[in-house]
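Residue numbers (this note's numbering), protein chains in the order written: chain W, 505 to 941; chain P, 2 to 140.
In this text, a Cβ means the ideal position worked out from N, Cα and C, and glycines have one as well.
Okay, structure first, notes after.
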Amino acid sequence: MTDADDFERYLALYQAEVPTGIPGEREMRKRIRVPFTDVNEDDVRRDDLTLDEINGWRAYMGWSLWDVIAQRSTEGESGLIPRQEYETISFLQIWALYPEMMREITDAVGVDGLIEIGDRKRHQVGTKNNITRIWSPANCCHLGRAIALELGLESPEDRPRDLDGVIQFARRLMYGTWGAGPGFACGNDYKVRILDQELVDRFLDDEERLDDPDRRAVFRRFNATTELLGFLVHYDCRFGLQDTGPYEVPGGGFMLVRDHWLHEPAYPWTASTEGLPYCVIEAMVFRPDEPMDVKINDIGTTFTKPVDYLRHLSGVAVYAKDQEDTPMSELRRIDATEMQEITARSMSATTQLYRMLAEKDREQKIRDGINVYATDHIRPIARDAGVWEQLKPRIDELQELTLAGWPNLADGQAATVLAPLFVKGLAYRPLEEAPTR
Amino acid sequence: MSVDLDGVREIGVGINVMELDQVVEGRIRFLDSPQEVLSFVASDAVASSIVISRGGTTTFMAPALASGVCGLITLQGSPESHLGILSREFGIPCVMSAQFTEGIQTARGETIPADGTLVRLDVSSVPEGRILLVPDDGR
Numbered sequence: 505m506t507d508a509d510d511f512e513r514y515l516a517l518y519q520a521e522v523p524t525g526i527p528g529e530r531e532m533r534k535r536i537r538v539p540f541t542d543v544n545e546d547d548v549r550r551d552d553l554t555l556d557e558i559n560g561w562r563a564y565m566g567w568s569l570w571d572v573i574a575q576r577s578t579e580g581e582s583g584l585i586p587r588q589e590y591e592t593i594s595f596l597q598i599w600a601l602y603p604e605m606m607r608e609i610t611d612a613v614g615v616d617g618l619i620e621i622g623d624r625k626r627h628q629v630g631t632k633n634n635i636t637r638i639w640s641p642a643n644c645c646h647l648g649r650a651i652a653l654e655l656g657l658e659s660p661e662d663r664p665r666d667l668d669g670v671i672q673f674a675r676r677l678m679y680g681t682w683g684a685g686p687g688f689a690c691g692n693d694y695k696v697r698i699l700d701q702e703l704v705d706r707f708l709d710d711e712e713r714l715d716d717p718d719r720r721a722v723f724r725r726f727n728a729t730t731e732l733l734g735f736l737v738h739y740d741c742r743f744g745l746q747d748t749g750p751y752e753v754p755g756g757g758f759m760l761v762r763d764h765w766l767h768e769p770a771y772p773w774t775a776s777t778e779g780l781p782y783c784v785i786e787a788m789v790f791r792p793d794e795p796m797d798v799k800i801n802d803i804g805t806t807f808t809k810p811v812d813y814l815r816h817l818s819g820v821a822v823y824a825k826d827q828e829d830t831p832m833s834e835l836r837r838i839d840a841t842e843m844q845e846i847t848a849r850s851m852s853a854t855t856q857l858y859r860m861l862a863e864k865d866r867e868q869k870i871r872d873g874i875n876v877y878a879t880d881h882i883r884p885i886a887r888d889a890g891v892w893e894q895l896k897p898r899i900d901e902l903q904e905l906t907l908a909g910w911p912n913l914a915d916g917q918a919a920t921v922l923a924p925l926f927v928k929g930l931a932y933r934p935l936e937e938a939p940t941r
Numbered sequence: 002m003s004v005d006l007d008g009v010r011e012i013g014v015g016i017n018v019m020e021l022d023q024v025v026e027g028r029i030r031f032l033d034s035p036q037e038v039l040s041f042v043a044s045d046a047v048a049s050s051i052v053i054s055r056g057g058t059t060t061f062m063a064p065a066l067a068s069g070v071c072g073l074i075t076l077q078g079s080p081e082s083h084l085g086i087l088s089r090e091f092g093i094p095c096v097m098s099a100q101f102t103e104g105i106q107t108a109r110g111e112t113i114p115a116d117g118t119l120v121r122l123d124v125s126s127v128p129e130g131r132i133l134l135v136p137d138d139g140r
């Protein structure tokens, strides 16, 4: 068997054994000794975890990461942004910083405060405090640790308590978001029905039908163009978009609620997006005339069968959240005329950002990408906890561990190091003993 | 290799992002650098072009997506890649991880149709998308 054949086997099945989707999730549940990927009122409060709990979490998380991104592992290079390089180095930066930062956030608000922050996403849209900020930071820390071990920058005995802290930080946010039970989107059968019914009802009341093909075309262009800008603002990663749902619609059909972040004040290059809303929110109502399978994964991306879900779009309600701190009471509906204006300005901003990126040197783009990754994964939670300003200076400074990994990872080794860690699940090998207390 | 009555024949296959009924024909343009992308979108060839991108990420092709190319082909990536997701949102037919049986060699040794070649994307079914060479009397 060639290396390529071997790699294909690991892309087809996790660890060449476990499938993707709900069957895979159920298989992973059978394989772990304690159901620690479910959360409850009591077990999110403990600080010390058992070896079975840590390893069970890691086994499930390894499959979950593969489930989300293994198929993307072949997407290759950008030609504009060295994303694989900056992401891989970011994992070191995040592993260097986040365990301590997660302790600081928890110290500031307490466990109940953290649970309450997890709950906030149920009552608002246009917030980056979303499910991606639960799942992804936890994954980044585990990957960062694995890369540090792989490169010989750390040993397995180093920082024994940090994995417990990372896992419990995520689980407390999960409990606030989902309540007792499965803490992952995949564990909830890929349904992210977390918004209050009151909000869902409000969006349904505001629905405007798209029977007119011209109106439909205006929305579709608005949706695609703002999503594209969200990718560029966030250096080609998915921080710029998030879906929840599918919510049931009376009379049949379903609704997806989508956020696109256009003007993120955390980054200096968003001068290009000045004048655009911080975020636009699309409540999209579908009334399909054929069976549709709708899944939302743990980073809030929708996948459907059949793929062209927008063909079944029946109506929309679209809103702007003008500033990051705009309260829900000031969420503003936008009409077709404003959608066209935002589309035009988004296209212009896309061109400006693209030109800026084309002119930047590679090293600066890696540094910018690391900053986006290390900032956006924790800033929403840290802001809600009121401690972002105390964390920011450390985020902005490349850490010793990050700099130690840079030479290997920036110059062509990123894919070689990273691919087996997540495609084969090697980053999530069981720990041999519980962390030293 | 199949050849239709009208002389159309298959020269490549890949993963089709989205099943579409429409017939998509355009002239190939391989874009290999951000500068080439910017020059391309400033030209009047955008709407009649099927562009080839090496990678499956979104940002590299951002101006081409926003400007309304008629089709996309990538040499890497899958429908779950960012470019796959965005081509779906724009409704732009897209065949990913395409492999060609004939054409010219890129500087990296990949086989692709030469710029200006008239092709048709067969995106009528999933998972496979086909790239067909169209007889071109008009060139």
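Query	Result
Strand pairing of VAL24/P, partner residues [DSSP]	Answer is none; VAL24/P lacks a bridge partner.
Partner residues on chain P for ILE846/W, Cβ-Cβ distance less than 7 angstroms	None at all; the shortest Cβ gap to chain P is about 13 angstroms.
Run of the beta strand (DSSP E) containing CYS783/W, from where it starts to where it stops	783-790
is_contact[SER659/W, chain P] using C-beta, thresh 9 angstroms	no
Closer than 8 angstroms at the beta carbon, the chain W residues around ALA108/P	Those within 8 angstroms of ALA108/P in chain W number zero; the least Cβ separation is about 13 angstroms.
Chain-ordered chain P contacts of ILE585/W [CB-CB under 9 angstroms]	THR58, THR60, PHE61
Outcome for MET860/W when other beta-carbon atoms lying within 10 angstroms are tallied against a minimum of 16	exposed
Cβ-based burial, ILE598/W [other Cβ within 10 Å; buried from 16]	buried
Partner residues on chain P for GLU786/W, Cβ-Cβ distance less than 9 angstroms	Going along chain P, no residue has its Cβ under 9 angstroms from GLU786/W, so there is no contact; the nearest lies around 11 angstroms.
Against chain P: residues of the region 808-832 of chain W by CB proximity under 8 angstroms	PRO810, VAL811, ASP812, LEU814
Straight-line Cα distance separating PHE595/W from GLU531/W	28 angstroms
Residue environment, GLY110/P, which counts as buried when at least 16 other CB atoms sit within 10 Å	exposed
Where the region 716-745 of chain W meets chain P: residues whose CB sits under 7 angstroms from a CB there	ARG724, ASN727, ALA728, THR729, GLU731, LEU732, PHE735, LEU736, ASP740
Outcome for THR102/P when other beta-carbon atoms lying within 10 angstroms are tallied against a minimum of 16	exposed
Within chain P, the residues that SER582/W reaches when beta carbons sit closer than 8 angstroms	GLY56, THR58, THR60, PHE61
Check whether GLY78/P and MET19/P have beta carbons under 9 angstroms apart	no
For ASN634/W and ASP888/W, believed in contact at Cβ under 8 angstroms, the rounded distance	The pair is not a contact, with the Cβ atoms about 12 angstroms apart (cut-off 8 angstroms).
Cut-off 6 angstroms between Cβ atoms - residues of its own chain near GLY566/W, not counting five sequence neighbours on either side	GLY929, TYR932
Rounded Cβ spacing between ASP716/W and SER568/W (contact assumed at less than 8 angstroms)	The pair is not a contact, with the Cβ atoms about 42 angstroms apart (cut-off 8 angstroms).
Buried or exposed by the 16-neighbour rule on C-beta atoms within 10 Å, applied to ARG537/W	exposed
Exposure label - ALA721/W; buried when at least 16 CB within 10 Å	exposed
8 angstroms Cβ shell around VAL820/W - same chain, five flanking residues per side excluded	GLU711, GLU712, LEU714, PHE723, GLU786, ALA787, MET788, VAL789
Same chain, Cβ closer than 8 angstroms to ALA968/W, five either side skipped, listed in chain order	In the structure as shown, chain W starts at 505 and stops at 941, and residue 968/W therefore has no counterpart that could be examined.
Touch test, the region 798-812 of chain W against the region 840-855 of chain W, Cβ-Cβ under 8 angstroms, three pairs minimum	no
Assigned exposure category for GLN149/P - 16 Cβ within 10 Å defines buried	No answer is possible for residue 149/P: the residues shown for chain P start at 2 and end at 140.
Cβ-based contacts, 9 angstroms cut-off: residues of the region 26-59 of chain P near chain W	LEU32, ASP33, SER34, PRO35, GLN36, VAL38, LEU39, VAL42, SER54, ARG55, GLY56, GLY57, THR58, THR59
Contact set between GLU90/P and chain W, taken where Cβ atoms lie within less than 7 angstroms	ASN727, ALA728, GLU731
Spatially closest choice to PRO795/W from THR524/W, ARG649/W, TYR813/W, by CA coordinates	TYR813/W
Check whether LEU703/W and VAL629/W have beta carbons under 9 angstroms apart	yes
In chain order, each alpha helix (DSSP H) run of at least 4 residues that lies wholly inside the region 863-892 of chain W	866-880, 883-889
C-beta neighbour in chain P for MET851/W, strict 9 angstroms	yes
Closer than 9 angstroms to chain W by CB, LEU73/P	no
Exposed unless 16 or more other CB atoms sit within 10 angstroms - verdict on GLY701/W	In the sequence as displayed, the identity of residue 701/W is Gln instead of Gly. So GLN701/W ends up on the exposed side.
DSSP state of CYS95/P mapped onto helix, strand, coil	strand
Outcome for ARG837/W when other beta-carbon atoms lying within 10 angstroms are tallied against a minimum of 16	exposed
Opening and closing residue of the beta strand (DSSP E) in which LEU73/P lies	72-75
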